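One structure below.
2 protein chains.
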Amino acid sequence: MVLLIHHSTSPQSRKARLIMAEKKMLFVLQEEEPWNLSEKAKQINPAQDLPILVFDGNVISGNYAITEYLEESNPQYKLLPEAPKDRAEVRRIMDWFDIKFHNEVYKYIVAEKIIKRFHLKEAPNSRILKAGLNNLKYHMEYVEYLTDRYKYIVGNDLTLADFTVAAHLSILDYLGDIPWDEYKNAKLWYAKIKSRPSFRDILKDTIRGIPPSSNYTNLDF
Amino acid sequence: MVLLIHHSTSPQSRKARLIMAEKKMLFVLQEEEPWNLSEKAKQINPAQDLPILVFDGNVISGNYAITEYLEESNPQYKLLPEAPKDRAEVRRIMDWFDIKFHNEVYKYIVAEKIIKRFHLKEAPNSRILKAGLNNLKYHMEYVEYLTDRYKYIVGNDLTLADFTVAAHLSILDYLGDIPWDEYKNAKLWYAKIKSRPSFRDILKDTIRGIPPSSNYTNLDF
Chain F
1 MVLLIHHSTS
11 PQSRKARLIM
21 AEKKMLFVLQ
31 EEEPWNLSEK
41 AKQINPAQDL
51 PILVFDGNVI
61 SGNYAITEYL
71 EESNPQYKLL
81 PEAPKDRAEV
91 RRIMDWFDIK
101 FHNEVYKYIV
111 AEKIIKRFHL
121 KEAPNSRILK
131 AGLNNLKYHM
141 EYVEYLTDRY
151 KYIVGNDLTL
161 ADFTVAAHLS
171 ILDYLGDIPW
181 DEYKNAKLWY
191 AKIKSRPSFR
201 DILKDTIRGI
211 PPSSNYTNLD
221 F
Chain B
222 MVLLIHHSTS
232 PQSRKARLIM
242 AEKKMLFVLQ
252 EEEPWNLSEK
262 AKQINPAQDL
272 PILVFDGNVI
282 SGNYAITEYL
292 EESNPQYKLL
302 PEAPKDRAEV
312 RRIMDWFDIK
322 FHNEVYKYIV
332 AEKIIKRFHL
342 KEAPNSRILK
352 AGLNNLKYHM
362 EYVEYLTDRY
372 KYIVGNDLTL
382 ADFTVAAHLS
392 ILDYLGDIPW
402 DEYKNAKLWY
412 AKIKSRPSFR
422 DILKDTIRGI
432 PPSSNYTNLD
442 F
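Which chain is which? The protein sequence lines are F and B, in order.
Numbered by the working numbering, the letters in the first sequence go through residues 1 to 221 in order.
Numbered by the working numbering, the letters in the second sequence go through residues 222 to 442 in order.
Given below as structure tokens:
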């Protein structure tokens, strides 16, 4: 049995859950607030971030390490294409969302609305929120461009890139910050991903004190 | 022939150069300032960052994509161990330096001393520099801990982790910001990496307007 220490507000945690569910792995979840990690979590992951994967006395931490580990150790459900060049494209998109989107959108919107509120007990700064929403437009235009080309983010097959992008967008969607009607292709693509059985558990997530947007659980939004 | 569009101040560019040299690949370098990318570079890499790998009409960008591509397409010189768990440890360390170290040290020191100076024509902020040097201590203690365990960063074999950590530290070393004498194991390890033929080209790097520290090219520092 695999244990994932996670939090609903962590896109990297959502990504790991989606990948494990797609790969039909059995796992249990243990929630910890990233801003208030237990001593045990801090001890097993010196980087002190989420998610953390624990199994048979082993610990794997770090988003990049966990993603590749899940792919390598469950080859029966492949989420990376075969050709090195195509694999590179999947990883380029993952990097984009895990780093660029994270720095330009997550840190402005999710950190302001949720982490600042619960961790620092401060109200969000509207100037920072506005900058984040502005950055979100640029990233949504990129998702719109990507989903205009093929059936999925990197081609006509589902890959790790789809679950990475969807994991990041799902938190913004929970907060009601994505104007889906302005991004037709992105919306069609997200509806496809959201309808997968692997997404069911994500749609049940709740973030303490913040109800999900009316769109969040709706498969036909 | 492979072309790497890079810059001396980009740790991810240094890492790609080291990996390619270790894998005995033939490549040519083309320098571009990250704060002043050419229209062509912006066009081939929508994330607008460095490095960018160009070969046979293909473009691979993004640090994560480039690193894994170089490893997958040159399997004769392996820099990732065989066991999934060991591979995860190498990737955990890469994540640590490419993200955590980058956010906590590079953005405070290198960005202040070099990028701010040339891009924004502003003097570095001494408060930010001080915070960065303080963060550097914590990361150097971690390198000291890692290098106390085995011959290399993740075991007794050289891996991508060694070249990632060395790439990041080498820029701080260029600036003279690493008090090596306080970190005995880290120093011994870095001297080993620095002495490798793959590092020669890195030691010839110069950053416009900033001479290297007296330690930088010295193999017996």
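Note that CB positions come from ideal geometry on N, CA and C, so glycine has one too.
Quick caveat, the model's predicted, so the values are computed rather than measured.
Comparing the C-beta of residue i with each C-beta of chain B, is any distance below 8 Å?
| i | result |
| --- | --- |
| I202 of chain F | no |
| N58 of chain F | yes |
| E161 of chain F | Correcting the residue identity first, residue 161 of chain F is Ala in this sequence and not Glu. Not one chain B Cβ lies under 8 Å of A161 of chain F. |
| R117 of chain F | no |
Using a Cβ cut-off of 7 Å, pull out every chain F residue sitting near residue i, in sequence order please.
| i | result |
| --- | --- |
| D316 of chain B | G62, N63, Y64, A65 |
| K165 of chain B | This structure does not reach residue 165 of chain B, given that chain B is present from 222 up to 442, and the question cannot be answered. |
Can you give the Cα-Cα distance for residue i and residue j, rounded to whole angstroms?
| i | j | result |
| --- | --- | --- |
| A382 of chain B | D277 of chain B | 28 Å |
| V154 of chain F | W189 of chain F | 12 Å |
| E144 of chain F | S347 of chain B | 42 Å |
| A16 of chain F | F97 of chain F | 14 Å |
| S170 of chain F | K372 of chain B | 43 Å |
| R417 of chain B | L393 of chain B | 19 Å |
| T67 of chain F | E22 of chain F | 13 Å |
| L379 of chain B | K187 of chain F | 45 Å |
| G430 of chain B | F339 of chain B | 9 Å |
| S419 of chain B | H139 of chain F | 37 Å |
| P212 of chain F | S8 of chain F | 12 Å |
| K130 of chain F | N218 of chain F | 26 Å |
| F163 of chain F | L18 of chain F | 6 Å |
| M315 of chain B | S61 of chain F | 12 Å |
| D307 of chain B | F221 of chain F | 43 Å |
| P345 of chain B | W256 of chain B | 16 Å |
| F248 of chain B | I178 of chain F | 43 Å |
| L367 of chain B | E39 of chain F | 21 Å |
| E252 of chain B | D422 of chain B | 14 Å |
| E141 of chain F | R313 of chain B | 31 Å |
Which residues in chain B sit within 7 Å of residue i, going by Cβ to Cβ distance?
| i | result |
| --- | --- |
| P84 of chain F | Y290, E293, S294 |
So, does the CB of residue i fall closer than 8 Å to a CB anywhere in chain F?
| i | result |
| --- | --- |
| R312 of chain B | yes |
| A309 of chain B | yes |
Show which residues of chain F have a CB atom less than 9 Å away from the CB atom of residue i.
| i | result |
| --- | --- |
| R417 of chain B | The contacting residues do not exist; R417 of chain B stays about 25 Å from chain F at best. |
List the residues that DSSP assigns as beta-bridge partners of residue i.
| i | result |
| --- | --- |
| F163 of chain F | Answer by DSSP bridge pairing: none, since F163 of chain F is not bridged. |
| L225 of chain B | B:L250, B:L274 |
| S282 of chain B | B:I273 |
| G397 of chain B | Partner(s): none; G397 of chain B has no beta bridge. |
| Y152 of chain F | F:G155 |
| I392 of chain B | DSSP lists no partner for I392 of chain B. |
8 Å is my cut-off, CB to CB: does residue i come that close to chain A?
| i | result |
| --- | --- |
| I210 of chain F | Reference to chain A is not applicable here, since the protein chains of this structure are F and B. |
Regarding residue i and the ligand GDP, is the C-beta to nearest heavy atom distance less than 7 Å?
| i | result |
| --- | --- |
| H102 of chain F | Absence of the ligand GDP from the depicted structure is noted, as is the absence of any ligand whatsoever, leaving it without description. |
ask   = Quick one: complete beta strand (DSSP E) runs, 3+ long, within the segment 15-52 of chain F?
value = 27-31
query = Which whole runs of the alpha helix (DSSP H) in the segment 91-143 of chain F are 4 residues long or more, in chain order?
reply = 107-110, 116-119
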